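Trainee:
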Amino acid sequence: MTVISTAADADLCAPLPVLGSDVRVPLVTGGEVTYAALDYAASAPALQRVWDDVAAYVPYYGSVHRGAGYLSQLSTDLFEQSRAVVADFLGCRADDEVVFTRSTTDSLNLLAAVLPAGTQVFVFETEHHAALLPWERAGDASVTYLSAPRTPEQAVASLDVALHGAPKGPKLVCVTGASNVTGELWPVRELAAAAHRHGARIVLDAAQLAPHRPVDIAALDVDWVAFSGHKLYAPFGTGVLAGRADWLREAEPYLAGGGATRTVARTAAGGIDVQWHTTVARHEAGSPNVIGAYAVASACKALREAGFDGLVAREQALLSALRAGLAAIPQVRVLSLFGEDSARVGVLSFTVAGWNSSHFAAALSAEYGIGVRDGLFCAHPLLRVLAGAAQDDPGECGAPDAAPGEASLNAIRVSFGAGTPEEHIDRFLSAVRTLIRDGAAWSYRAENGRCVPAPQ
Ligand SMILES: Cc1ncc(COP(=O)(O)O)c(C=O)c1O
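For the sequence shown, the UniProt record's numbering gives the first residue as 1, with consecutive numbering after it.
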């Protein structure tokens, strides 16, 4: 069965080549199949182009910003060029800064660390923990948690009300571009307009948006954007925080160490006097991860060159087939904050009546060679909202040892992207139908917090 078979679909672009697309995995029931990676939202496979670029560079690998040799100079140039490529990919304004970090989590923690004194932060309870949690730890910032909106319009209205009543002083709104649980798109431009109307700044968590949609910092009029290389087909340990330079330059360096300093000298009193850089280097102490930065830049170029129009069209066709297939299975409940018809990227979570999600995901892997994710997706308050559970319901977090049918908050997430062939969506739907109809062919048990096939 082919899920994409209409004449209108004939023009869809081919999936982009990714590593691992021909990897075979064993099935617990015997034999092996080609692995279907449907967990892009956690970490996407590397683009072949990224891997090739990195492999071509590695013989020339050298230190960055700290070597006189030819390879050090070349590596330094490559690192700085990568920064320029990322700035271009994000449509940065002339005075924006691109800081290379380790990940989205790192980027948002960096921003939390540079907040001016007394900043009031506004964040929806629906955010990924990386966007929800850094702010309370930040000096004397106060955090307002906004309740889950049930429409994009409600999100804007509730931010408007919250900011309207807020006392004077620096303010920051943190919002996701696309939910890592439902895949639903958030009204970023409208939220940015609301923030700016009230003199607040806004940071966009683009961890799930950047791999699926063009992100233009100037057009969206957001102050910062954060994303992770490993979700953007560049799994070499680099993330990005891009945006306004002032708060970054005025704050203490994120990490203290070499590279962030202009001069360090002993004082007459026996202490140490440090002059920190006031450029982007201020927050990039330590030896930079040039391979990671180059890989991110290579992915940005590859996506640009492939063209988001074609990538989005293809992803939406796969998503339509996936949604239609799941909608036809009465036992499946797709999770949604904004409603059935809301716009989404290729990320979708669901539960299956009578099944524990961990069992279901384990069976998809062990019996069908399909890799999805189960659990609460580092968005526990959101999962409680979606499950209709009270926020103080301890639930069963992950619940690998809950019996089939036993109540738990966890769900199954299927996510895909530029490298996903149609066949993976077909196989996934067929496996879901068979599992629900026939049950699991194997028995499973909990081990180290995971649901795994039991030895037989
Ligand atoms: C929406 C969102 N924000 C932030 C993060 C954190 O990204 P990382 O784990 O790369 O730091 C994730 C990861 O899943 C995410 O989905």
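All C-beta atoms in this analysis are idealised placements derived from N, C-alpha and C, irrespective of residue type, glycine included. Remember, it's a predicted structure, so these values are computed and weren't measured experimentally.
Based on Cα-Cα distance, which residue from Glu447, Ser107, Asp341, Asp96 lies nearest to tyrosine 254?
Mentor: Here residue 254 refers to the residue found at position 254 when the sequence shown is read from its first residue. Closest option to tyrosine 254, Cα to Cα, is Ser107.
Trainee: May I ask you to check if the CB of asparagine 180 is nearer than 7 Å to at least one heavy atom of ligand 1?
Mentor: Your numbering for residue 180 matches position 180 in the sequence shown. Yes - ligand 1 has a heavy atom lying nearer than 7 Å to the Cβ of asparagine 180.
Trainee: Look up alanine 37 in the DSSP assignment and give the residues it is bridged to.
Mentor: As a position in the sequence shown, residue 37 is number 37, starting the count at 1. Partner(s): Gly371.
Trainee: Suppose you measure from the CA of proline 116 to the CA of arginine 213; what does that come to, to the nearest Å?
Mentor: On the sequence shown, residue 116 is found 116 positions in, with the first residue counted as 1. On the sequence shown, residue 213 is found 213 positions in, with the first residue counted as 1. When rounded, the distance between both Cα atoms is 31 Å.
Trainee: On the premise that glycine 307 lies in contact with alanine 281, defined as a C-beta separation below 8 Å, what is that separation, rounded to the nearest angstrom?
Mentor: Position 281 of the sequence shown, counted from the start, is the residue given in the question as residue 281. Position 307 of the sequence shown, counted from the start, is the residue given in the question as residue 307. 34 Å between Cβ atoms; not a contact.
Trainee: Take every Cβ of the region 426-436, pair it with every Cβ of the region 363-370, and state whether three or more of those distances are shorter than 8 Å.
Mentor: With a cut-off of 8 Å, the region 363-370 and the region 426-436 count as touching, because enough Cβ pairs lie within range.
Trainee: Compute the Euclidean distance between the alpha carbons of proline 152 and aspartate 39, then round it to the nearest angstrom.
Mentor: Translated into positions along the sequence shown, residue 152 becomes position 152. Translated into positions along the sequence shown, residue 39 becomes position 39. Their backbone Cα atoms lie some 26 Å apart in a straight line.
Trainee: With a cut-off of 8 Å on the beta carbons, I'd call valine 173 and leucine 185 a contact; round off their distance for me.
Mentor: By one-based count along the sequence shown, residue 173 stands at place 173. By one-based count along the sequence shown, residue 185 stands at place 185. So it is not a contact: roughly 17 Å between Cβ atoms.
Trainee: If we count the other Cβ atoms within 10 Å of its Cβ and call it buried at 16 or more, is valine 121 buried or exposed?
Mentor: For the purposes of this step, residue 121 is identified with residue 121 of the sequence shown, where counting begins at 1. The residue in question, valine 121, is buried, as its Cβ has 16 or more Cβ neighbours within 10 Å.
Trainee: If I'm right that valine 225 touches alanine 242 with Cβ under 8 Å, what's the distance once you round it to whole angstroms?
Mentor: Along the sequence shown, read from residue 1 onward, the residue named residue 225 stands at position 225. Along the sequence shown, read from residue 1 onward, the residue named residue 242 stands at position 242. Rounded, the Cβ-Cβ distance is 5 Å, consistent with contact.
Trainee: At a cut-off of 7 Å, is glycine 292 close to ligand 1 when judged by its beta-carbon and the heavy atoms of the ligand?
Mentor: The residue given as residue 292 occupies position 292 in the sequence shown. Answer for glycine 292: no, Cβ out of range of ligand 1.
Trainee: Answer yes or no: the CB of cysteine 13 versus the heavy atoms of ligand 1, is any distance below 7 Å?
Mentor: For the purposes of this step, residue 13 is taken as residue 13 along the sequence shown, with counting starting at 1. No, Cβ of cysteine 13 sits at least 7 Å from all heavy atoms of ligand 1.
Trainee: Can you look up threonine 101 in the DSSP assignment and give me helix, strand or coil?
Mentor: If you number the sequence shown from 1, residue 101 lands on position 101. Note: threonine 101 maps to strand in three-state DSSP.
Trainee: Taking the beta carbon of serine 443 as the centre, do at least 16 other beta carbons fall within 10 Å, making it buried, or is it exposed?
Mentor: The count along the sequence shown starts at 1 and reaches residue 443 at position 443. Serine 443 should be labelled exposed.
Trainee: Measuring only between beta-carbons, confirm whether tyrosine 40 sits less than 8 Å from chain D.
Mentor: In the structure shown, chain D does not exist; there is a single protein chain.
Trainee: Please classify cysteine 451: is it buried, with 16 or more other beta-carbons within 10 angstroms of its beta-carbon, or exposed?
Mentor: The residue labelled residue 451 in the question sits at position 451 within the sequence shown. Answer is buried; the Cβ neighbour count reaches 16.
Trainee: Would you call the CB atoms of valine 385 and threonine 126 closer than 8 Å?
Mentor: Here residue 385 is taken as the residue at index 385 of the sequence shown, counted from 1. Here residue 126 is taken as the residue at index 126 of the sequence shown, counted from 1. In contact: valine 385 and threonine 126 (Cβ atoms closer than 8 Å).
Trainee: Counting only runs that start and end within the region 204-230, where is the alpha helix (DSSP H) found for 4 or more residues in a row?
Mentor: List check, alpha helix (DSSP H) in window: 217-220.
Trainee: Residues in its own chain within less than 8 Å of aspartate 341 by CB, not counting five upstream and five downstream?
Mentor: Counted from its first residue, the sequence shown places residue 341 at position 341. Hits under 8 Å: none found.
Trainee: What do you reckon, are the CB atoms on valine 123 and alanine 131 nearer than 8 Å?
Mentor: Here residue 123 corresponds to residue number 123 of the sequence shown, with the count starting at 1. Here residue 131 corresponds to residue number 131 of the sequence shown, with the count starting at 1. The answer is yes: Cβ separation under 8 Å.
Trainee: Taking Cβ positions, are glycine 237 and phenylalanine 227 nearer each other than 8 Å?
Mentor: On the sequence shown, residue 237 is found 237 positions in, with the first residue counted as 1. On the sequence shown, residue 227 is found 227 positions in, with the first residue counted as 1. No, the Cβ-Cβ distance between glycine 237 and phenylalanine 227 is not below 8 Å.
Trainee: Could you tell me which of His380, Val33, Ala293 sits nearest to valine 234, measuring between CA atoms?
Mentor: One-based indexing of the sequence shown puts residue 234 at position 234. Before going on, a small fix: residue 234 reads as alanine here, not valine. Measuring from the Cα of alanine 234, the nearest candidate turns out to be Ala293.
Trainee: Name the residue from Ala256, Ala269, Ala353, Glu305 whose alpha carbon lies nearest to the alpha carbon of leucine 326.
Mentor: Walking along the sequence shown from the start, residue 326 turns up at place 326. Leucine 326 has its Cα closest to that of Ala353, out of Ala256, Ala269, Ala353, Glu305.
Trainee: What is the rounded straight-line gap between the Cα of glutamine 391 and the Cα of alanine 379?
Mentor: As a position in the sequence shown, residue 391 is number 391, starting the count at 1. As a position in the sequence shown, residue 379 is number 379, starting the count at 1. Their Cα atoms are separated by approximately 12 Å.
Trainee: Alpha carbon to alpha carbon, how far is tryptophan 276 from alanine 14?
Mentor: As a working note, residue 276 is residue 276 in the sequence shown. As a working note, residue 14 is residue 14 in the sequence shown. So the alpha carbons of these two residues sit roughly 48 Å apart.
Trainee: Could you check what DSSP says for serine 430 in three-state terms: helix, strand or coil?
Mentor: In the sequence shown, counting from the first residue as 1, residue 430 sits at position 430. It is helical.
Trainee: Please name the residue in Pro381, Lys171, Asp309, Gln154 whose C-alpha comes closest to that of alanine 141.
Mentor: As a first step, residue 141 is located in the sequence shown; it is residue number 141 there, counting from the start. Closest by alpha carbon: Lys171.
Trainee: Should histidine 164 be labelled buried (16 or more other beta-carbon atoms within 10 Å of its own) or exposed?
Mentor: Mapped onto the sequence shown, residue 164 falls at position 164. The residue in question, histidine 164, is exposed, as its Cβ has fewer than 16 Cβ neighbours within 10 Å.
Trainee: Tell me whether serine 358 is buried or exposed, calling it buried when 16 or more other Cβ atoms sit within 10 Å of its Cβ.
Mentor: Working through the sequence shown from its first residue, we reach residue 358 at position 358. It is buried - the Cβ of serine 358 has at least 16 other Cβ atoms within 10 Å.
Trainee: Helix, strand or coil: how does DSSP classify alanine 242 here?
Mentor: Taking the sequence shown and counting its residues from 1, one reaches residue 242 at position 242. Strand at alanine 242.
Trainee: Quickly, what does DSSP pair phenylalanine 122 with across the bridge? List them, please.
Mentor: What you label residue 122 is simply residue 122 of the sequence shown in a count that begins at 1. Paired residues: Thr144, Val173.
Trainee: What separation, rounded to the nearest whole angstrom, lies between the Cα atoms of alanine 454 and arginine 445?
Mentor: In the sequence shown, the residue the question calls residue 454 occupies position 454. In the sequence shown, the residue the question calls residue 445 occupies position 445. Their backbone Cα atoms lie some 6 Å apart in a straight line.
Trainee: May I ask which residues mark the beginning and end of the beta strand (DSSP E) holding tyrosine 444?
Mentor: Reading the sequence shown from its first residue, position 444 is the one you call residue 444. Its beta strand (DSSP E) spans residues 444-447.
Trainee: Pick helix, strand or coil for glutamine 391, following the three-state DSSP scheme.
Mentor: On the sequence shown, residue 391 is found 391 positions in, with the first residue counted as 1. Correct three-state label for glutamine 391: coil.
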